[in-house]
Structures are given as C-alpha cells and as structure tokens.
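Residue numbers (this note's numbering), protein chains in the order written: chain Z, 64 to 406; chain R, 64 to 406.
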DNA sequence: TAAAATAATGCAACCGATTGTGTAAAGAAA
DNA sequence: TTTCTTTACACAATCGGTTGCATTATTTTA
C-alpha cells in the first residue's frame with residue numbers, strides 16, 4: 064500500500080510525446096484528434112491508471128456536475144425516497160449528489176444554502192424547512208444562474224422551478240372518498256401554517272369537499288397540531304374521541320398520524336373503519352403494514368426526485384430553455400385499503 | 064437577476080492594493096498578517112460579496128472536505144439514520160456528504176467507488192452491497208491515503224476502519240432473552256451468506272445460545288431466505304407455522320421480518336407472545352408502532368454514522384494516528400416489548 | 001508541382017486559492 | 001546611528017485539466 068502520486072495528463076503527454084491538450088481532447092473523443100491517437104492515448108491512460116481530476120476540470124469550466132439537496136431530514140420515508148429518485152437520475156448523467164439536512168431550522172437552511180453555493184454545485188433541489196418564511200437565501204443561486212428546484216414544500220411567489228403535487232386536489236379526493244363511504248362527520252388534523260403552504264392546501268381541499276357535498280363544517284373536528292409526530296397524533300385522536308358523538312371519519316395529512324388515530328381508536332374499542340374511517344397521506348411503507356392497513360394518497364416521492372433532477376440536468380446541459388420556471392405537477396391517487404372501506 | 068461574475072481574491076487584492084497571498088492569509092487569520100489588515104480584508108470581502116471557491120482550494124490542496132457515502136440504498140430506516148449521523152457530524156467540521164446507492168449491485172458499487180475517487184473525496188464510508196465478495200475496488204482509496212471506513216456490512220480480512228456492532232453477541236442476547244421467557248423451540252430466519260457476514264454472525268449467535276442452554280438445534284426451525292422482504296418473511300413464517308408443533312419463538316434478524324411473522328401469526332390465530340414470542344433486530348420505527356409492538360435489538364444507526372464520520376475527519380485532520388485501522392464496536396441492547404414478554 | 005484546403009497537434013493562458021521564499025519596513029538592541 | 005530582529009506583505013509557482021488560437025502535417029484541387 065505505498066502511496067503513489069496521481070497520474071495526470073501531463074504524465075501521459077510525456078510518455079507519448081504529445082501535448083496535454085491532445086491528451087485532454089483524445090480522452091473525450093474530440094473530432095480533431097485522429098482515431099489512431101485517440102486509441103493510443105486511451106490505452107496508455109488505462110495502463111498508467113489515470114484518473115481524471117474532477118476538481119481541475121470543474122475549476123476551469125466552473126461546473127461541478129454536482130447537485131445539492133437541501134431538505135429537512137432524510138429519515139422520513141417520503142424524503143429518503145425523494146433523494147433516492149434524485150440520486151438515481153443524477154447518476155445516469157454522471158452527476159453527484161450532496162445532501163444537507165436543515166432539520167426544519169431556518170438558520171441551518173441559510174447556512175447550508177451558502178455552503179452549497181460555495182462548493183459551486185451545478186444545481187440545487189430543496190424542500191423548505193418548516194421555519195422558513197423568507198427565501199432570500201436562495202437568491203444567490205438565481206443570481207448566478209444556478210438552477211434551483213423546489214420540491215414538495217415550495218415557497219409561494221418565488222420564480223423558480225417547482226415540483227409538487229396538487230395538495231388541494233389530493234385532499235379533496237381523499238375526503239370525497241370518505242364521503243362516498245358514507246361518512247358525515249369527517250375530522251381533519253392540520254398544522255398552523257400560512258396560506259399557500261402544503262398543509263393549508265390540504266385543509267382547503269378538506270373544507271371544500273365537505274361544504275360542496277352538503278355536509279356541515281364543524282370546527283371541533285379540525286385539530287391543529289404544532290408538530291406532526293406520532294405522539295401528537297395520539298393526543299389529537301383522543302381529543303376527537305372525547306367528543307360527544309365521535310367523528311365517523313378522519314382525513315389525516317400524513318400516514319403516521321393516520322396510524323396513530325387507528326391505533327388509538329382500537330385501544331378505545333372504536334372499530335375502524337365501521338365506526339371510524341381513516342385515510343392518510345403519502346403511502347408510507349407503514350401504511351400497508353399496519354392492521355387494518357391504511358387507505359392513503361399516493362405521493363410519488365421517487366418520481367418527484369427524478370423529475371427535479373431532470374430539470375436541473377436538462378437546464379445545465381441546455382437541452383431545455385430556461386425562460387419559464389414552470390411548475391411540474393405529479394399525479395396522486397387515492398389508494399383504498401381497509402381503514403376506509405365501509406362498503 | 065443579472066448574472067454577475069464571482070468575486071475572487073484577485074478582486075479584493077486589487078481593490079485594497081494588496082497581494083492575493085495577503086488576502087488569502089488574512090481571510091484565515093494567518094499570524095503573519097496584521098490585525099488591521101485582517102479586519103480591512105474581511106470587511107471588504109464581505110462588502111464585495113466574496114464567496115471562496117472551494118474547487119480552487121481543493122485543487123491546490125488536494126483535499127475537498129467531502130465525505131463519500133456508498134451504501135446499498137437510502138430508503139431503509141437503518142441506512143437513512145446512518146446517513147443522518149454522518150451528515151450531522153460532517154457538517155460540524157464543515158464537510159460535505161455525497162451519497163451514492165449501490166442497490167446491492169457489485170457492478171454499481173465498483174463504478175461508484177471509482178466515481179468517488181475521481182471526485183477526490185477526502186474520505187469514504189461504505190456499507191457493502193449484498194453481491195460484493197471482492198473488495199479490491201476499494202484499494203484505490205487505501206493506496207492513496209484516503210481514509211476508508213466500513214460500516215455495518217463490512218468485509219473480512221481487509222485492513223481498514225470498521226464501525227460495527229457485535230452481531231454475534233447481539234443475536235446471542237436476543238435468543239437468550241427468548242429462552243429466559245421460556246421458549247424451547249426457537250426459530251430463526253437467515254440469509255445464505257458466507258462466513259463472517261453479519262447475518263451469519265447472527266446465526267452463529269442464535270446457534271450458540273440454543274446449544275449452550277440445553278436446547279436442541281432443529282434445522283427445520285431455520286429458514287434461509289434469498290431476500291429479506293416483507294413478502295418473503297410471510298412465506299417463511301407460514302413455513303414455520305406449518306410445522307407439526309409450531310415453534311414457540313422466533314429470532315428475526317430484522318424488524319420487518321419480525322413484523323411479518325407477528326402479522327402472519329395473528330392471521331392464523333396464533334397468539335403473540337403467548338404461543339409465539341418474537342424478537343426482531345434494528346429497532347426500526349415500525350417495531351414500536353405495530354401491535355403488539357416488537358421486542359428488538361437496538362442498532363445505533365445514527366451513532367454509527369457519527370462515529371464513522373469522526374474517524375474520517377480525525378484522520379484527515381491528523382488528530383488521530385492512522386497506524387492501526389481499528390474496529391469500533393458500538394453497543395446494542397435488548398429492547399423488550401410486547402411481542403416477547405411472556406412473563 | 002504549386003497552391004489551397006483540411007486534418008492533426010502544439011502552445012500557452014486560464015480557472016482561483018494556496019504557500020514557500022524573498023524583501024521591505026518597522027522596531028529593538030548595540 | 002548602525003545592526004539585528006521581527007513584522008508585514010509581495011512574488012510567483014503550483015494544483016490538473018480545458019480551450020482559443022497558432023502551427024505543422026497531410027491530402028485535395030488546380
């Protein structure tokens with residue numbers, strides 16, 4: 064295991080009595096280099112164990128073939144699938160993926176954005192931290208022509224690419240499904256977030272579905288949580304089950320919450336779905352394992368990651384015009400399983 | 064959103080009538096620069112919006128402050144927690160983390176290792192692909208003094224850092240616990256892997272615990288699976304439940320398998336833990352949500368990631384001697400929950 | 001066969017920060 | 001005041017590919 068210096072194109076050039084420019088071009092099949100030379104150079108490079116130095120190339124060309132990913136956390140099924148999609152797509156075009164977790168902290172997000180910028184990433188994919196209200200820390204990317212794609216948790220009124228689902232429509236579909244199953248008093252769990260936010264959109268979908276189908280909106284059936292943890296879900300569920308006539312349905316904007324509701328119901332002897340139908344959101348792995356397994360809304364995490372990565376790459380390679388920062392909507396579907404199937 | 068060229072130390076140097084070397088040193092508080100100059104330089108850099116170019120620094124110093132992570136997939140709770148630990152620790156020392164997924168493919172792993180090497184990562188953390196028998200594709204790192212840490216799925220007889228748990232001991236403890244609960248015919252699910260592999264170590268622990276406590280080893284109680292999916296787990300469980308006297312306990316080397324067994328048991332009217340006690344492995348989130356919740360072995364994923372990252376960083380910053388490529392063992396504990404509590 | 005056109009390769013600047021060495025300026029000791 | 005130290009900064013090479021332009025070799029056309 065002796066340490067040996069990296070082989071460079073200079074070494075190859077010297078050995079073959081050629082110029083480094085020729086080596087550089089030969090290695091990437093430049094048309095102005097003869098086939099004979101190309102073959103010879105590649106063979107020698109191989110023999111000498113040449114490994115191109117990405118840094119040098121990146122410095123010269125000011126592009127790093129690296130995508131920065133800035134998300135709240137990677138230990139959530141949705142987000143880890145998202146990254147998986149990004150990574151797979153990036154890799155196909157030989158891009159690397161660097162990950163940073165904001166842990167939903169605004170300050171961390173700001174610092175990490177800076178850090179990504181410093182490392183000259185070729186593009187950035189971001190799902191905003193919960194705390195983030197202001198997105199000016201992303202201006203550095205736009206100002207320097209670094210493609211930026213927001214995914215899932217996107218800012219409003221910021222002119223960049225966005226890859227999202229239609230949260231309003233998805234929520235509407237979910238609630239509509241419960242109504243179709245005969246539910247009359249449908250509860251909802253949400254989180255206090257400003258207008259336009261994903262959870263707010265879902266809430267809007269819930270409200271509209273209720274009112275547009277002749278049901279009455281009951282504020283007592285809407286529980287607002289600060290954090291969407293399992294424990295909080297249990298608290299919320301208990302609150303709902305303490306109501307005089309308990310609700311007969313629940314639209315939870317996340318599967319973990321749905322699970323907590325189902326389990327709390329079971330503990331209190333409330334039958335799911337007969338007495339209490341539940342539909343979640345995301346199609347997390349757990350939703351199909353729990354018993355009864357949970358109806359949910361599919362959330363194409365991996366596809367979203369893939370789409371985001373494609374936008375970045377196409378934009379860099381200029382296969383796509385970068386005039387319009389369009390929004391990409393991906394499809395969601397109602398996945399009916401046991402927890403909501405009354406009929 | 065006009066595009067503006069990046070500000071460099073040359074720009075600062077020109078503005079202040081100083082040499083770039085002075086700027087460079089001033090920015091990092093070099094002792095040979097006067098405080099006055101340092102202050103002036105930093106202020107100007109700030110004003111001009113200077114962002115250091117990591118690439119240039121990396122090229123010059125041949126170090127990138129980047130840790131490459133090469134793992135089978137990130138969508139497994141254990142591995143995403145591992146990455147989380149790596150990222151958090153790396154970030155504290157201002158290191159970036161690039162992720163690649165081998166998807167348990169040997170070829171992908173080889174290519175990705177190359178790719179990481181090309182991008183001159185400062186260190187590599189790897190959990191081996193299932194397919195991987197041969198680790199020569201990691202020689203390039205050792206040969207060039209790039210610290211390499213294997214985590215969890217580590218190769219045998221390869222002189223690098225390793226961060227692992229004692230799989231043998233953990234399995235032994237798990238089975239011992241079942242025995243303590245009164246189990247006599249304990250089943251085990253495993254996968255066909257060579258000697259020294261993690262699953263094999265767990266199997267060894269299982270076998271020794273059985274034999275050393277006066278129980279008889281029964282080959283029919285050991286099911287070997289190709290892949291450790293939920294569906295395969297159901298198949299394995301059904302096989303076990305088809306035996307004349309069914310086993311009265313199961314040590315599953317993963318929580319998903321344990322869950323599949325518990326649920327299959329319930330479907331067949333077998334009571335858990337009364338008729339069939341189950342203990343899993345990893346302490347995946349699902350294990351404490353499922354009902355009955357599953358006893359398991361804690362697997363300190365995030366700590367392992369943290370430890371691995373620390374080894375890399377300490378090694379680079381030479382805070383640690385890099386002579387001995389020691390093995391770091393992290394603790395595991397038996398987490399007793401409902402699925403195994405007979406007493 | 002000379003001139004023109006094309007192909008193949010070389011030269012050298014460049015990307016931006018780092019750092020060993022050299023030098024001028026300022027202060028201390030003689 | 002002169003000499004010796006420090007202190008503070010400048011010079012210039014370096015990391016390793018990349019690329020515009022110049023030059024030489026080869027082939028085609030006149």
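From the three backbone atoms N, C-alpha and C, an ideal C-beta is built for every residue, glycine too.
Could you pull the start and end residues of the alpha helix (DSSP H) that residue 148 of chain R belongs to?
Note, residue 148 of chain R: alpha helix (DSSP H), 140–155.
Alpha carbon to alpha carbon, what distance is there between residue 395 of chain Z and residue 240 of chain Z?
14 Å
Against chain R, does residue 133 of chain Z count as a neighbour if the rule is that its beta carbon must be under 8 Å from one of theirs?
no
Which runs of the alpha helix (DSSP H) at least 4 residues long sit entirely within the segment 269–304 of chain Z? Give them in chain order.
293–304
For a contact defined as C-beta to C-beta under 7 Å, what are the partners of residue 210 of chain Z on chain R?
Within 7 Å Cβ-Cβ: nothing; residue 210 of chain Z doesn't reach chain R, min ~13 Å.
Three Cβ pairs or more, each shorter than 8 Å: is that satisfied between the segment 202–222 of chain R and the segment 245–256 of chain R?
no
Run through the DSSP bridge pairs and tell me what residue 213 of chain Z is partnered with.
Z:189, Z:225
Are the C-beta atoms of residue 402 of chain Z and some chain R residue less than 8 Å apart?
no
Residue 121 of chain Z at chain R interface by Cβ criterion, 8 Å
yes
Is the segment 183–201 of chain R in contact with the segment 130–148 of chain R, if contact means three or more CB pairs nearer than 8 Å?
yes
Find the residues of chain R that neighbour residue 116 of chain Z, judging by a C-beta separation of less than 8 Å, and give them in chain order.
122, 181, 183
Through-space distance from residue 91 of chain R to residue 381 of chain R, alpha-carbon basis
19 Å
Which residues does DSSP list as the beta-bridge partners of residue 164 of chain R?
R:134
Counting contacts by CB-CB distance shorter than 8 Å, is residue 293 of chain Z in contact with chain R?
yes
Beta-carbon of residue 156 of chain R versus every beta-carbon of chain Z: anything under 8 Å?
no
For a contact meaning CB atoms closer than 9 Å, what does residue 193 of chain R contact in chain Z?
Those within 9 Å of residue 193 of chain R in chain Z number zero; the least Cβ separation is about 17 Å.
Alpha-carbon spacing of residue 104 of chain R relative to residue 203 of chain Z, whole angstroms:
The alpha-carbon of residue 104 of chain R is positioned some 22 Å away from that of residue 203 of chain Z.
If I measure Cβ to Cβ from residue 273 of chain R and keep anything under 7 Å in the same chain, skipping five residues before and after, which residues do I get?
238, 249, 280
Measure the Cβ-Cβ separation of residue 235 of chain Z and residue 376 of chain Z and say whether it is below 8 Å.
no
Which of the three DSSP states is assigned to residue 315 of chain R in this structure?
coil
Counting only beta-carbon separations shorter than 8 Å, does residue 87 of chain Z have a partner in chain R?
Answer no: the Cβ-Cβ gap between residue 87 of chain Z and chain R never drops below 8 Å.
Burial state of residue 175 of chain R, where buried means 16 or more other Cβ atoms lie within 10 Å:
buried
DSSP beta-bridge partners for residue 345 of chain Z?
Z:361
Report the three-state DSSP secondary structure of residue 159 of chain R (helix, strand or coil).
strand
Under 8 Å: do the segment 332–342 of chain R and the segment 308–324 of chain R share three or more Cβ pairs, one atom per stretch?
yes
Compare the C-alpha of residue 307 of chain R against each of R:283, R:295, R:292 and name the closest.
With distances taken between CA atoms, residue 307 of chain R lies nearest to R:283 out of R:283, R:295, R:292.
Rounded C-alpha distance that separates residue 132 of chain R from residue 152 of chain Z:
17 Å
Residue 251 of chain Z (DSSP reduced to helix, strand or coil):
strand
Against chain R, does residue 146 of chain Z count as a neighbour if the rule is that its beta carbon must be under 8 Å from one of theirs?
Yes, residue 146 of chain Z counts as interfacial toward chain R.
In the DSSP assignment, find the unbroken beta strand (DSSP E) run with residue 86 of chain Z in it and report its ends.
No beta strand (DSSP E) contains residue 86 of chain Z, which is instead part of the alpha helix (DSSP H) from 83–90.
Assigned secondary structure, residue 65 of chain Z (DSSP; H/G/I helix, E/B strand, else coil)
Because the pLDDT at residue 65 of chain Z is just 37, under 50, the model does not fix this residue reliably, and the value given afterwards should be weighed accordingly. Note: residue 65 of chain Z maps to coil in three-state DSSP.
Using a Cβ-Cβ cut-off of 7 Å (strictly less than) and excluding sequence neighbours within five positions of residue 180 of chain Z, which residues of its own chain qualify?
203, 204
Looking at residue 398 of chain Z and residue 359 of chain Z, is the spacing between their C-beta atoms short of 8 Å?
yes
Does any residue of chain R bring its CB to less than 8 Å from the CB of residue 341 of chain Z?
no
Is it buried or exposed, residue 177 of chain R, if we count other Cβ atoms within 10 angstroms and call 16 or more buried?
exposed
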